[in-house]
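>
The structure is reproduced here in structure tokens:
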């Protein structure tokens, strides 16, 4: 109630007392009614200017071609990323395969020398 009272005073210069109309029942509701009545009076006297609400400006919906172009760009970027990852894995597997091929050759030579 105090915040509402202070806001009315700061915004419109309306001082709202709590017990102005004790027959109102709920105090906060009564304060709202009092503020509304005083605002109507100020508006009718021309002390407060009313502005029409801003018209809602809707952004034009992008065409299907633009939407699909964006989707294609995203998919192409993803495909390039996955391709790079696959190439990295391929290079790594080739390196590992070469390492083990070298070891196998070494052990085959050792076995061949021992056999002779």
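In my numbering, the protein residues as written are 1206 to 1321.
Ideal placement from N, C-alpha and C gives every residue a C-beta, glycine not left out.
Owing to the predicted nature of the structure, the values given are computational and were not obtained by experimental measurement.
1) Per DSSP, what kind of secondary structure is residue 1311 in: helix, strand or coil?
2) Between the alpha carbons of residue 1214 and residue 1221, how many angstroms are there, rounded?
3) Express the C-alpha separation of residue 1296 and residue 1314 in angstroms, rounding to a whole number.
4) On the three-state DSSP scale, how would you describe residue 1279?
5) Alpha carbon to alpha carbon, what distance is there between residue 1309 and residue 1320?
6) Take residue 1288 and list the residues in its own chain whose beta-carbon comes closer than 7 Å to its own, dropping the five residues that flank it on each side.
7) Can you tell me the Cα-Cα spacing of residue 1272 and residue 1266, whole angstroms?
By the coordinates alone:
1) Here the question's residue 1311 lines up with position 106 in the chain shown. Residue 1311 carries a helical assignment under DSSP once its states are collapsed to helix, strand and coil.
2) Taking the first residue of the chain shown as position 1, residue 1214 is located at position 9. Taking the first residue of the chain shown as position 1, residue 1221 is located at position 16. Each residue's Cα considered, the two are about 8 Å apart.
3) Locating residue 1314 in the chain shown gives position 109, where the first residue counts as 1. Locating residue 1296 in the chain shown gives position 91, where the first residue counts as 1. Whole-angstrom Cα-Cα distance: 27 Å.
4) Counting from 1 along the chain shown, the entry for residue 1279 is found at position 74. Here DSSP, grouped into helix, strand and coil, assigns residue 1279 to helix.
5) Counting from 1 along the chain shown, the entry for residue 1320 is found at position 115. Counting from 1 along the chain shown, the entry for residue 1309 is found at position 104. In a straight line, the C-alpha of residue 1320 is about 16 Å away from that of residue 1309.
6) In the chain shown, counting from the first residue as 1, residue 1288 sits at position 83. The beta carbon of residue 1288 is closer than 7 Å to none in its chain, skipping five residues each way along the sequence.
7) In the chain shown, residue 1272 corresponds to position 67, counting from 1. In the chain shown, residue 1266 corresponds to position 61, counting from 1. For residue 1272 and residue 1266, the distance between alpha carbons rounds to 10 Å.
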